[in-house]
């Protein structure tokens, strides 16, 4: 007999709860954890749930589990390179395992997970539109639930979990994009600051040593190599010589 889970009439309430959780989670890792918790709470007999974001090479980038059993089962999948989560992600389709003790698609993972007391599970892909313009959606990860008895889930369970994974995937994809943009912005700021320091230091050396811009840059490059420091650090020490007892050595 399959496990009882939320009915279709209760799904709007579930979606509203998931949306509320996601809107309060500005960080990808915490958002994945909230989604996993919502999936676990949706299925009354579930012993745990997990969410994973996976890069194009099949490597997990963000993972979350509701308990240590799920965490260990997921970690084992990535270590072995096999299991329903990776299969759901790679095939962009739901994968259900009715009895891990009899599962032959991933023998090592199934046997180990059964020893943990996990006997059935569902993994569904988290799908977003293909940014390259293709017709097929792109899987950015997977959402999964586990039970401690066989045949705990059915096709309707797959549908419900897939419905949860849909909006979660879109939110996580947007959140990832924002985090990447923020990181790029920070990197760009650092690069521009370094460039500004170098330009300022070149100007100071041109004035002090009466050399060309190229000559000033060569002085800085020589110091950078000799002292095994970044060019921006050399520039900073030229601008603020009191912080570097060696400042001015190349300026005489």
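Numbering (UniProt numbering), first residue to last: 1 to 252.
Cβ coordinates follow ideal geometry from the N, Cα and C atoms, glycine included.
All of these numbers come straight from a predicted model, not from anything done at the bench.
### Query
According to the neighbour-count rule (16 or more other Cβ atoms, all chains shown, within 10 Å of its Cβ), is residue 213 buried or exposed?
Exposed: under 16 other Cβ atoms inside 10 Å.
### Closest by C-alpha distance to residue 236, when choosing among 77, 79, 145, 194
The candidate whose alpha carbon is nearest that of residue 236 is 194.
### Query
Which class does residue 3 belong to by DSSP, given the choice of helix, strand or coil?
Bear in mind that the predicted position of residue 3 carries a pLDDT of just 45, short of 50, making it unreliable; the figure below should be weighed with that in mind. Correct three-state label for residue 3: coil.
### Every unbroken alpha helix (DSSP H) within the region 101–180, with a cutoff of 4 residues, ordered by chain
Runs of the alpha helix (DSSP H) lying entirely within the region 101–180 and spanning at least 4 residues, in chain order: 107–116.
### Message
With DSSP as the reference, identify every bridge partner of residue 54, one or two as the case may be.
### Response
For residue 54, which the question treats as bridged, DSSP gives the partners 60.
### Task
Label residue 177 either buried or exposed according to how many other C-beta atoms from any shown protein chain fall within 10 Å of its C-beta, with 16 as the threshold for buried.
Classification for residue 177: exposed.
### Message
Please tell me whether residue 138 and residue 128 are closer than 8 angstroms, where the distance is taken between their beta carbons.
### Response
In this structure, residue 138 places its C-beta atom within 8 angstroms of the C-beta atom of residue 128.
#### Entry: Distance CB(residue 47)-CB(residue 146) smaller than 8 angstroms
In this structure, residue 146 lies closer than 8 angstroms to residue 47 by Cβ.
### Task
To the nearest angstrom, report how far apart residue 130 and residue 63 are at their CA atoms.
Within the model, the alpha-carbon separation for residue 130 versus residue 63 is close to 22 angstroms.
### Query
CB-CB under 6 angstroms to residue 106, same chain, minus the five flanking residues each way: which ones, in chain order?
Excluding positions up to five away in sequence, the list reads 82, 83.
### Query
Between the beta-carbon of residue 100 and the beta-carbon of residue 149, is there less than 8 angstroms?
At least 8 angstroms separates the beta-carbon of residue 100 from that of residue 149.
#### Entry: For residue 96, three-class secondary structure by DSSP
In the structure shown, residue 96 sits in a strand (DSSP, three-state: E or B).
### Cβ pair count under 8 angstroms reaching 3, the region 41–59 against the region 107–115
The answer is no - the region 107–115 does not touch the region 41–59, with fewer than three Cβ pairs under 8 angstroms.
### Query
Is it right to say residue 74 is buried, meaning 16 or more other beta carbons lie within 10 angstroms of its own, or is it exposed?
Buried, because 16 or more other Cβ atoms sit within 10 Å of the Cβ of residue 74.
### Contact check, residue 69 vs residue 108, beta carbons under 8 angstroms
In this structure, residue 69 keeps its C-beta atom at 8 angstroms or more from the C-beta atom of residue 108.
### Task
Would you mind sorting residue 228 into buried or exposed? The rule is 16 or more other CB atoms within 10 Å of its CB.
Burial is judged here by how many other beta carbons sit within 10 angstroms of a residue's own beta carbon; residue 228 has fewer than 16 and is exposed.
### residue 209 vs residue 239 beta-carbon contact at 8 angstroms
No, the pair does not count as a contact, with Cβ atoms beyond the cut-off.
### Query
Roughly how many angstroms lie between the CA atoms of residue 89 and residue 142, to the nearest whole one?
Cα to Cα, the separation comes out at about 6 angstroms.
### Query
What does a CB cutoff of less than 7 angstroms around residue 67 pick up in its chain, not counting 5 residues either side in sequence?
Spatial neighbours of residue 67 in its own chain (CB-CB distance under 7 angstroms, excluding positions within 5 residues in sequence) are listed in chain order as 48.
### residue 252 - DSSP class collapsed to helix/strand/coil
The predicted model places residue 252 with a pLDDT of 39, which falls under 50 and marks its position as unreliable, so this point remains unresolved.
### Query
Which residue or residues does DSSP assign as beta-bridge partners of residue 48?
146, per the DSSP bridge assignment.
### Query
Is it the case that the Cβ atoms of residue 202 and residue 50 are separated by a distance below 8 angstroms?
Residue 202 places its beta carbon 8 angstroms or farther from that of residue 50.
### Message
Taking DSSP's pairing of strands, which residues face residue 65 in a bridge?
### Response
Residue 65 is bridged to 50.
### Chain-order list of residues whose beta-carbon lies under 6 angstroms from that of residue 174 (same chain, five-residue window excluded)
Excluding sequence neighbours, residue 174 sits near nothing in its chain.
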